[in-house]
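Chemist: One structure is given below, represented as C-alpha cells, and several questions about it will come after.
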Amino acid sequence: MAATRQTVAQTLEEVIAWRPVLAPVLRSFEPLFSAQEELVGVLAENLKEQAAALPQGQTDRMDQGVSLLAGATFAGFSPAVRTSAEKLLPLLSRMDAVVPHKDALADFFLKSDDTVAQHVEELVAAVASGNKKAIEGLAEKIEVDPLVLHFAAGFVISPVLHALTSLVASSGDEAPWEAGDVWRQGYCPMCGALPTMGWMDKPAIDDKNAFLAGGGGKKHLHCGTCGADWKFRRGACPACGEEGSGVMELLRESGTAAHGERLDWCTKCKSYCPAVDLREREFIPNLDALALGMMHLDMVAARRKLKPVKPSFWNMF
Ligand SMILES: [Zn+2]
Ligand SMILES: [Zn+2]
Numbered sequence: 360m361a362a363t364r365q366t367v368a369q370t371l372e373e374v375i376a377w378r379p380v381l382a383p384v385l386r387s388f389e390p391l392f393s394a395q396e397e398l399v400g401v402l403a404e405n406l407k408e409q410a411a412a413l414p415q416g417q418t419d420r421m422d423q424g425v426s427l428l429a430g431a432t433f434a435g436f437s438p439a440v441r442t443s444a445e446k447l448l449p450l451l452s453r454m455d456a457v458v459p460h461k462d463a464l465a466d467f468f469l470k471s472d473d474t475v476a477q478h479v480e481e482l483v484a485a486v487a488s489g490n491k492k493a494i495e496g497l498a499e500k501i502e503v504d505p506l507v508l509h510f511a512a513g514f515v516i517s518p519v520l521h522a523l524t525s526l527v528a529s530s531g532d533e534a535p536w537e538a539g540d541v542w543r544q545g546y547c548p549m550c551g552a553l554p555t556m557g558w559m560d561k562p563a564i565d566d567k568n569a570f571l572a573g574g575g576g577k578k579h580l581h582c583g584t585c586g587a588d589w590k591f592r593r594g595a596c597p598a599c600g601e602e603g604s605g606v607m608e609l610l611r612e613s614g615t616a617a618h619g620e621r622l623d624w625c626t627k628c629k630s631y632c633p634a635v636d637l638r639e640r641e642f643i644p645n646l647d648a649l650a651l652g653m654m655h656l657d658m659v660a661a662r663r664k665l666k667p668v669k670p671s672f673w674n675m676f
C-alpha cells in the first residue's frame, strides 16, 4: 500500500490548516505552483527526444561528481520554454514587481525567431547551471532588469527541467544516479544545483507480500530547480561536505506539532536545508510546495544567522 502523493494544492491546503497565518502568501502562489505542476506532464511529452540525447549510463562521470546536465547545450528546448511561458507569464505578470517588465518578458519568451530561440537556450543552460553572471549578461542583451529575468526565468524554466528529470528518472528501473549508489555529492546529480529540501523516507512495504521491506528513515535530498531526488548521508552537510558526529544539527519549532518538519543545519558552515521526515506524515507532500510552506522555519533560521543551502525567492532576507 503506497502512501498517497499530494498535489501542490493539497500540500498547501494541509499547511494552511496547520499554519493559518501563512494562508495569504501560500494562496497567492498556489495558482503559479499548480500551473507549474500541470506543465511538467505536458512538457514531458515534448521533450522525449531531448531526454534520450542526454549522456546517460555514464557511471564514471557520476562517480567523479559530474552532473548529468553539465555542459548540455539545450538545443531544441525553446519550444518547451515557450509552452511554459505561455502558461506562467500571465500569472507572473500579476505581481507588482513584474508588472513594469511584462512586455519585455513577453517579447523575449513568446517570440519564436532564431535569435530569441538561441538566447532562450542560453538562458536554460544558465538557470540549470545556476550561472548568475550568464543570466545578467543575457538580461543586458535583451534589455530586461536582471533581477526580474532571474526571478521569471526560475519559474518558467523549472517545469521544463522537472519534465526532463521525470523522463530521465523513469527511463529505467531506477534513476541513473541511484544505480549502484554511484552519486555521493550534496549537489544535484541531474542539474548540479544545491538541494532545496531534505526528506526521510517512509518504511517500504512490499506490495505483493505485505512484508515490511525496509524500516524507512533513509535521507534523501530534493532539487527544486529540476525536481531530482537522491540519497545522501545523514551526518554530512550538502553545502560544505563536512561529515561526522556533531556536524549536522536539527532545529524544530517548539510547542507545536512539527509534522516531521525541521531544519538540518551545519555547525561548520552555518547553512541549513529544510527537511521533512515522511514517517511522521500520512501523505507524501509535493516537496516544492512544502519548501514554500516551511517559510516560518526560514525566518527562524534567519534570526539565528543561518543561510539557506539554496536560496529561494522567499528566503533571501
Ligand atoms: Zn537539479
Ligand atoms: Zn556545512
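Count along the sequence shown from 1, add 359, and you get the number used in my numbering.
No residue lacks a Cβ here, since even glycine has one placed at the ideal position from N, Cα and C.
#1: What does the Cβ neighbour count give for Pro459, buried or exposed, with the cut at 16 atoms within 10 Å?
#2: Over the uninterrupted beta strand (DSSP E) stretch that includes Leu588, give me the two end residues.
#3: Taking Glu608 as the reference, which of Phe642, Thr584, Leu665 has the closest Cα?
#4: So the candidates are Trp536, Ser671, Ile375, Ala598; which of them puts its Cα closest to the Cα of Tyr546?
#5: Taking 8 angstroms as the threshold (C-beta atoms), are Lys446 and Leu526 in contact?
#6: Taking one C-beta from the region 615–623 and one from the region 487–500 each time, how about it: are there three or more such pairs within less than 8 angstroms?
#7: So, helix, strand or coil for Val635, using DSSP?
#8: Just checking my contact of Pro644 with Gln395 at CB under 8 angstroms: how many whole Å lie between their CB atoms?
#9: Grouping DSSP H, G and I as helix and E and B as strand, with all else coil, what is Ser387?
#10: Using DSSP with H/G/I as helix, E/B as strand and the rest coil, what is Lys669?
#11: Run through the DSSP bridge pairs and tell me what Ala595 is partnered with.
#12: Considering only residues of the region 388–461, which uninterrupted alpha helix (DSSP H) runs meet the minimum length of 4 residues and lie entirely inside it, listed in chain order?
#13: Taking the alpha-carbon of Tyr631 as reference, which of Asp560, Ser530, Val503, Arg611 has the nearest alpha-carbon?
#14: Residues in the same chain with beta-carbon distance under 7 angstroms from Val668, minus the five sequence neighbours each way, listed in chain order, please.
#15: Round the Cβ separation of Pro518 and Leu402 to the nearest angstrom and send it over; I've been treating them as touching at under 8 angstroms.
#16: Pick out whichever of Asp504, Ser471, Ala538, Trp558 has its Cα sitting closest to the Cα of Asp422.
#17: Kindly list the residues whose CB is nearer than 6 angstroms to the CB of Ala410, restricted to its own chain and excluding five residues on each side of it in sequence; keep chain order.
#18: Within the region 452–525, note down every full alpha helix (DSSP H) run reaching 4 residues or more, in order along the chain.
#19: Comparing the CB of Glu641 with every heavy atom of ligand 3, is any distance shorter than 7 angstroms?
#20: Can Ala598 be considered in contact with ligand 2, in the sense that its beta carbon sits closer than 7 angstroms to one or more heavy atoms?
#21: Is Cys550 near ligand 1, with its Cβ less than 7 angstroms from a heavy atom?
#22: Would you report the Cα separation of Met360 and Leu508, rounded to the nearest angstrom?
#23: Which of helix, strand or coil does DSSP assign to Gly557?
#24: What's the gap between the Cα of Gly491 and the Cα of Glu373?
#25: Taking all protein chains shown into account, do 16 or more other C-beta atoms lie within 10 angstroms of the C-beta of Pro383, making it buried, or fewer, making it exposed?
#26: Should Thr418 be counted as a contact of ligand 1 given a C-beta to heavy atom distance under 7 angstroms?
#27: Hey, is the region 440–454 in contact with the region 573–591, meaning 3+ C-beta pairs nearer than 8 angstroms?
#28: Taking the straight line between their C-alpha atoms, what separation do you get for Leu506 and Phe591?
#29: Is Thr584 near ligand 1, going by C-beta to nearest heavy atom under 7 angstroms?
#30: Would you tell me roughly how many angstroms separate the C-alpha atoms of Gly594 and Ser530, rounded to the nearest one?
#31: In chain order, what residues of the same chain have a beta carbon less than 8 angstroms from the beta carbon of Phe672, not counting five sequence neighbours either side?
Modeler: According to the structure data:
#1: With a 10 Å radius around the Cβ and a threshold of 16 neighbouring Cβ atoms, Pro459 comes out exposed.
#2: At residue 588 the sequence reads Asp, which differs from the Leu that was named. Element bounds for Asp588: 588–590.
#3: Nearest to Glu608 by C-alpha distance, out of Phe642, Thr584, Leu665, is Leu665.
#4: If we check each option's Cα against that of Tyr546, Ala598 comes out closest.
#5: No.
#6: When Cβ pairs closer than 8 angstroms are counted between the two stretches, the region 615–623 is seen not to touch the region 487–500, the count staying below three.
#7: Strand at Val635.
#8: That pair is no contact at about 15 angstroms.
#9: In this structure, DSSP gives Ser387 a helical state, which the three-state scheme calls helix.
#10: If DSSP states are grouped into helix, strand and coil, Lys669 belongs with coil.
#11: Note: Ala595 sits in a beta bridge opposite Glu602.
#12: Whole alpha helix (DSSP H) segments, 4+ residues: 407–411, 418–422, 437–451.
#13: Check the Cα spacing between Tyr631 and each of Asp560, Ser530, Val503, Arg611: the tightest is with Arg611.
#14: Within the same chain, and ignoring the five residues on either side of Val668 in sequence, the residues whose Cβ sits closer than 7 angstroms to its Cβ are Leu553, Pro554, Pro597, Ala598, Ser630, Tyr631, Cys632.
#15: Pro518 to Leu402, Cβ: 6 angstroms. Contact.
#16: Comparing Cα positions, the closest option is Ala538.
#17: Sequence-distant partners of Ala410 (beyond 5 residues in either direction) whose C-beta falls short of 6 angstroms from its own C-beta, in its chain, are Leu523, Leu526, Val527.
#18: Contiguous alpha helix (DSSP H) elements confined to the region 452–525 occur at 461–469, 473–487, 491–501, taking only those with 4 or more residues.
#19: You won't find ligand 3 in this model; what it holds is ligand 1 and ligand 2.
#20: Yes - ligand 2 has a heavy atom lying nearer than 7 angstroms to the Cβ of Ala598.
#21: It does: the Cβ of Cys550 is within 7 angstroms (strictly closer) of some heavy atom of ligand 1.
#22: Confidence in Met360 is poor, its pLDDT being 47 and thus under 50, which makes the residue's placement too unreliable to answer from.
#23: Residue state, collapsed to three classes: strand.
#24: Looking at the sequence itself, residue 491 is Lys, so the reference to Gly does not match. Cα to Cα, Lys491 sits roughly 34 angstroms from Glu373.
#25: Exposed, since its Cβ has fewer than 16 Cβ neighbours within 10 Å.
#26: Look at Thr418: its beta carbon is at least 7 angstroms from all of the heavy atoms in ligand 1.
#27: Too few Cβ pairs lie closer than 8 angstroms, so no.
#28: About 32 angstroms.
#29: Between ligand 1 and the CB of Thr584, the shortest heavy atom gap is smaller than 7 angstroms.
#30: Distance between the alpha carbons of Gly594 and Ser530 is about 31 angstroms.
#31: The residues are Phe510, Gly513.
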